Amino acid sequence: MWPFANPPSPQTPLPPQSSPKGFLPKAASHSYQKTPYTIKFSLHTPSSETSTRPVNNNHLIQILCNRGHLKQALLVLSGEPNPTQKTYEYLLLACARENSPSDASAVRRRLIEDGFDQDPFISTKLINLYSQFNSLDDAREVFEKTREKTIYVWNALLRALALAGADEEVVSLYREMGRSQIAFDSFSYSHALKACAGSERAVREVHGHALRRGFSSCVHVSTTLVDAYARLGWVSFSRRVFDEAPVKNVFTWSAIIACYAKNGSPFEALELFRSMAGANVLPNSVTMVSVIQACAVLLVLGHGKLIHAYVLRRGFESIVPVPNALIVMYAKCGDLELARRVFDGIRKRDVVSWNSMILGYAIHGLGREAIQVFEEMVDSGVRPNIVTFVSVLGACSHIGLIEEGQRLFESMASEYGVTPIAEHYACVVDLLGRAGRLNEACEIIEEMRIEPGPAVWGALLGACRIHNNVELAERACEHLFGLEPTNAGNYVLLANIYAEAELWDEVNRLKKTVEEKGLQKVSGCSWIEVKKKIYSFTSVDELNPQIELVHALLVKLSGEMKESGYVPNTKLVLYDLNDQEKEELLLGHSEKLALAFGLINSSKGETIRISKNLRLCEDCHSVTKFVSRFANREIIVRDVNRFHHFRDGRCSCADYW
DNA sequence: TTAGGGTTAG
Numbered sequence: 001m002w003p004f005a006n007p008p009s010p011q012t013p014l015p016p017q018s019s020p021k022g023f024l025p026k027a028a029s030h031s032y033q034k035t036p037y038t039i040k041f042s043l044h045t046p047s048s049e050t051s052t053r054p055v056n057n058n059h060l061i062q063i064l065c066n067r068g069h070l071k072q073a074l075l076v077l078s079g080e081p082n083p084t085q086k087t088y089e090y091l092l093l094a095c096a097r098e099n100s101p102s103d104a105s106a107v108r109r110r111l112i113e114d115g116f117d118q119d120p121f122i123s124t125k126l127i128n129l130y131s132q133f134n135s136l137d138d139a140r141e142v143f144e145k146t147r148e149k150t151i152y153v154w155n156a157l158l159r160a161l162a163l164a165g166a167d168e169e170v171v172s173l174y175r176e177m178g179r180s181q182i183a184f185d186s187f188s189y190s191h192a193l194k195a196c197a198g199s200e201r202a203v204r205e206v207h208g209h210a211l212r213r214g215f216s217s218c219v220h221v222s223t224t225l226v227d228a229y230a231r232l233g234w235v236s237f238s239r240r241v242f243d244e245a246p247v248k249n250v251f252t253w254s255a256i257i258a259c260y261a262k263n264g265s266p267f268e269a270l271e272l273f274r275s276m277a278g279a280n281v282l283p284n285s286v287t288m289v290s291v292i293q294a295c296a297v298l299l300v301l302g303h304g305k306l307i308h309a310y311v312l313r314r315g316f317e318s319i320v321p322v323p324n325a326l327i328v329m330y331a332k333c334g335d336l337e338l339a340r341r342v343f344d345g346i347r348k349r350d351v352v353s354w355n356s357m358i359l360g361y362a363i364h365g366l367g368r369e370a371i372q373v374f375e376e377m378v379d380s381g382v383r384p385n386i387v388t389f390v391s392v393l394g395a396c397s398h399i400g401l402i403e404e405g406q407r408l409f410e411s412m413a414s415e416y417g418v419t420p421i422a423e424h425y426a427c428v429v430d431l432l433g434r435a436g437r438l439n440e441a442c443e444i445i446e447e448m449r450i451e452p453g454p455a456v457w458g459a460l461l462g463a464c465r466i467h468n469n470v471e472l473a474e475r476a477c478e479h480l481f482g483l484e485p486t487n488a489g490n491y492v493l494l495a496n497i498y499a500e501a502e503l504w505d506e507v508n509r510l511k512k513t514v515e516e517k518g519l520q521k522v523s524g525c526s527w528i529e530v531k532k533k534i535y536s537f538t539s540v541d542e543l544n545p546q547i548e549l550v551h552a553l554l555v556k557l558s559g560e561m562k563e564s565g566y567v568p569n570t571k572l573v574l575y576d577l578n579d580q581e582k583e584e585l586l587l588g589h590s591e592k593l594a595l596a597f598g599l600i601n602s603s604k605g606e607t608i609r610i611s612k613n614l615r616l617c618e619d620c621h622s623v624t625k626f627v628s629r630f631a632n633r634e635i636i637v638r639d640v641n642r643f644h645h646f647r648d649g650r651c652s653c654a655d656y657w
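Just so we're aligned: 206 in UniProt numbering is position 206 of the first sequence, and the numbers increase by one with no gaps anywhere.
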């Protein structure tokens, strides 16, 4: 009878003394063709009592592999002199399932003895297996040793390298393929494009080849092309590939929607989502994640809620990335309560769910709540990762939780095995720097084991801006100007610090440098949703039909506020103007225009929600506090970093941002 | 035999 009444556990070794002939070592016997044992289970219906008799050891190995008994299969292999290609295929598949590199090595040693290392089919499987184990050297070796390199073998190595992120090697292998005269197939283009999406030259090269060889219309290739151009930020190229694709499926549509959502064009993303329905292509959970992201970029709660309703109708809320995206969307649109409700409704939260909720609290300045969620995360057994610490440390710095932040930073590596990267150091420098502990912030930078990047020096510069430290700001800028030569923001910040110190020669020198270098400052832009329409404002924009009314209201408010103690912060204006002119410029800031427009066009008691593309200016912050008291309004402003909730003359950030 | 689109930070 079959030696195991019940299927053996993979850990159970076979006792050698009880080995039937078929299990004997290879050299011991060759008379094992018919295995006289009955298997008390069938391959496909394990619960049934159907008997299956293996015809020979090859068959037995295949059955054992299928049943998850790899160790036993290997024992049988050791007694089988003529394993077939199919037997090796099963064995390699089982190694992949068991995720066992050591068993894979044993199988490979044996298949080399049998000459199967020259079988391109087996080589393909081996390369895939080594790719799974992240053993690129082994994958390369298998490839090199296979004399007959079929397109499958080439594609397998392309895929392995692409998955491992060895992008440059993928491109050079792709070029080698071209020289080798092998006929490419659509898979070759898909794999190559995935890896070269960061290089303009490589994408255009592969696109050109695919066009010439007639593969660009293949739906897999066109989808990857849409994605490759999207990742380069070449939205119009993505769109052209999409428009010209003869076949568009849910993948193609999802790729183009993601392209717009990620490249700052949420309106187009939502428009395409509507067109998709018109083309009778049903969206899936992946499509919905990009659509939700588009709503998060748009910051318009109404649209997001409609999309959420659709998600619920289609049952996508049980697919974790979907609620994860919803948490971020609600948090970014200013409704933390709804974000929390989605978070609470997730049955099996993954690390991204937790990180998203922590981020939500962080951007709303609720540091203690963020830490509490972090602690719940740890208690629930989910391991924090790099992103977790960026968010939770950011939460601490947003509200000035210095001791807590330092404690978390110190525990990162020791308790959680997460090695700090530059962003974590930047959070701590920001945390100490904002609190005025600039010397300690500098010590942290000096002690860093990695190169402090622009994030770290930028955090120090920001702290110098708050505490008017010219000398240290200049030191930070020595690094920043070298690291980010085209970032005009650093020059503006330093100019602000000089202006505060009334070093006007230095201000002018910096302004001249910015001009000479042709650097473009990002101009401030704010937007507001009124009666389901979105209005955007810039300081030079006079297009809004109510702009006169808006200006008049601001002048009136300014007068009233001055009587209550408001002093316009004219030092923020870096132009050589008199105080009156500076005040006028300050009143023209985009966030003030949006605020006045909101006051004019909303009903009493209604919350005003404004978004801004840059950090909220200090003068606008003061004005918004005044207005929240004067007009008895709740005003929520989202700037590039976080939310400010204004009520009764106070802001949730406690002027700490 | 193999493939394409998605979630968290900065």
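We put the CB at the ideal spot given by N, CA and C, even for glycine.
As the structure is a prediction and not an experimental result, all values here were calculated from the model.
Residue of the options minimising C-alpha distance to residue i
i	options	result
ALA279	ARG175, VAL247, PRO452	VAL247
ARG140	LEU161, PRO384, ALA245, LEU312	LEU161
SER190	LEU586, VAL171, THR224, VAL623	THR224
PHE116	LEU91, GLN132, ARG97	LEU91
THR388	HIS398, ALA73, ALA362, ILE402	ALA362
TRP527	ILE608, GLY462, LYS511	ILE608
CYS95	MET448, CYS65, SER135	CYS65
LYS533	LEU299, ILE182, ARG434, VAL627	LEU299
SER318	CYS295, ALA296, HIS303, MET288	MET288
SER603	SER285, VAL418, ARG633	ARG633
GLU584	GLU516, ASP619, LEU614	ASP619
Three-state secondary structure assigned by DSSP to residue i
i	result
VAL107	helix
CYS525	strand
ARG642	coil
ILE450	coil
ARG609	strand
CYS651	strand
VAL328	helix
VAL530	strand
GLN372	helix
CYS333	coil
Rounded separation between residue i and residue j - CA only
i	j	result
VAL203	ALA230	11 angstroms
ILE112	ARG175	29 angstroms
SER539	ALA654	27 angstroms
SER611	HIS364	13 angstroms
ILE402	SER238	46 angstroms
ALA413	PRO420	7 angstroms
ARG67	ARG53	14 angstroms
ASN249	VAL219	8 angstroms
GLY315	LEU173	43 angstroms
PHE273	ALA331	22 angstroms
ILE256	ARG240	10 angstroms
CYS259	GLU271	13 angstroms
GLU506	TYR491	11 angstroms
GLN72	ILE327	48 angstroms
VAL171	GLY453	29 angstroms
ARG159	LEU336	41 angstroms
ASN469	ILE497	8 angstroms
PRO323	ASP137	39 angstroms
HIS551	ASP576	23 angstroms
SER652	ASN601	25 angstroms
Limits of the unbroken beta strand (DSSP E) element including residue i
i	result
VAL637	635–638
SER536	533–538
Cβ separation of residue i and residue j, assumed to be a contact under 8 angstroms, to the nearest whole Å
i	j	result
ILE444	VAL428	6 angstroms
ASN58	PRO81	The Cβ separation is near 11 angstroms, so there is no contact.
MET377	TRP354	4 angstroms
For residue i, the first and last residue of its enclosing alpha helix (DSSP H)
i	result
ARG341	336–345
THR624	618–630
THR87	85–98
PHE116	No alpha helix (DSSP H) contains PHE116, which DSSP labels as neither H nor E.
residue 666	Residue 666 is absent from the model: the chain starts at 1 and stops at 657.
GLU560	547–563
ASN490	488–500
LEU472	470–483
SER190	186–195
TYR260	250–262
residue 660	With the chain represented from 1 up to 657, any question about residue 660 goes unanswered, as that position is not in the structure.
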